[in-house]
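In the numbering used here, the protein residues as written are 10 to 276.
Please read the structure below before turning to the comments.
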């Protein structure tokens, strides 16, 4: 029996750099013989998917001869805002970033717009009152991913489960939307009940820590399904289950999202 059902998602990296070269050059009056300078602020390195995302960005930029100014936010919004302001001060041609959370970026995006620097959102979206503050969003439909996870959960449990949920980073687009999509699907199934829900911050270590707490809670015996917002948290949870003498995939079914290598190895 599979320990884990992981739903793979796409990687927007190639689209990001292609659009930067083919689309934004024209809108910003960029000269064809000048090297494109892109400032990219990454969320961090919280997961296997994110690490692969970063490697792809750097590789694609090198292939296209792009001068990439890369910054790791270490999952802190304040670091990302500082990086974007630094990119503005450097006068880069394009700013791209994968937002740590959805809110709080409007002032710095207004600064980028005032400086005439186009902004691309990669993988994650932001909430702003002025949609012209960025050129486009390149990423997955997180609500649809949550719905797919919900449908898979229904199949695995025949529509009856006590669900523990490992939520992603609080306030981030994937955490908000994956939870929303999942709940939309199970809402019409009264025997699908979320009994525990807590953030694992998209990391394996935190996923293990939270799952350990779940397994020590009064509701532990009711858990028959784990829904993890990404594979790294699910893999950490599997470790916690095994250490507690629980058989992942048998005693507790597991559904997660990303499709990273470690998840396929756990199948």
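Glycine included, C-beta positions come from ideal geometry on N, C-alpha and C.
Fair warning: this is a prediction, and the values are worked out from it, not measured in the lab.
| Query | Result |
| --- | --- |
| N-terminal and C-terminal residue of the alpha helix (DSSP H) that residue 6 is part of | This structure cannot settle anything about residue 6, because the visible part of the chain is limited to 10 through 276. |
| Span of the beta strand (DSSP E), counted from its first residue to its last, around residue 118 | Run containing residue 118: none in the beta strand (DSSP E); it sits in the alpha helix (DSSP H), 115-123. |
| Selection from 174, 114, 144 and 77 that minimises the alpha carbon distance to residue 127 | 144 |
| Alpha-carbon spacing of residue 263 relative to residue 64, whole angstroms | 28 Å |
| Distance CB(residue 77)-CB(residue 49) smaller than 8 Å | yes |
| Residue 232 beta carbon less than 8 Å from that of residue 261 | yes |
| Residue 48 at chain B interface by Cβ criterion, 8 Å | Of the chains in the structure shown, none is chain B; there is only one protein chain. |
| Other residues of its chain near residue 112: CB distance less than 6 Å, five sequence neighbours each side excluded | 136 |
| Residue 78: first and last residue of the uninterrupted beta strand (DSSP E) it sits in | 76-81 |
| Contacts around residue 141, its chain only, beta-carbon distance under 8 Å, and the 5 residues preceding and following it disregarded | 122 |
| Reduced DSSP category for residue 179 - H, G, I as helix; E, B as strand; rest coil | coil |
| Cβ neighbour criterion (16 or more within 10 Å) applied to residue 216 | buried |
| Residue 277 - DSSP class collapsed to helix/strand/coil | Here the chain has residues from 10 to 276 only, and residue 277 is not among them. |
| For residue 202: DSSP bridge partner residues | 171 |
| Straight-line gap, residue 69 to residue 61 (C-alpha atoms, nearest Å) | 12 Å |
| Simplified DSSP assignment, three categories, for residue 207 | strand |
| Rounded Cβ spacing between residue 153 and residue 266 (contact assumed at less than 8 Å) | Not quite, the Cβ-Cβ distance comes to about 11 Å (not below 8 Å), so this is no contact. |
| Residue 68 - DSSP class collapsed to helix/strand/coil | helix |
| Pick from 166, 213 and 230 that is closest to residue 201, judged by C-alpha positions | 166 |
| Pairwise C-alpha distance: residue 187 and residue 117 | 27 Å |
| Local conformation of residue 257 per DSSP, three classes | strand |
| Cβ-based burial, residue 89 [other Cβ within 10 Å; buried from 16] | buried |
| DSSP-derived helix/strand/coil call for residue 265 | strand |
| Burial state of residue 53 (16 or more Cβ within 10 Å) | buried |
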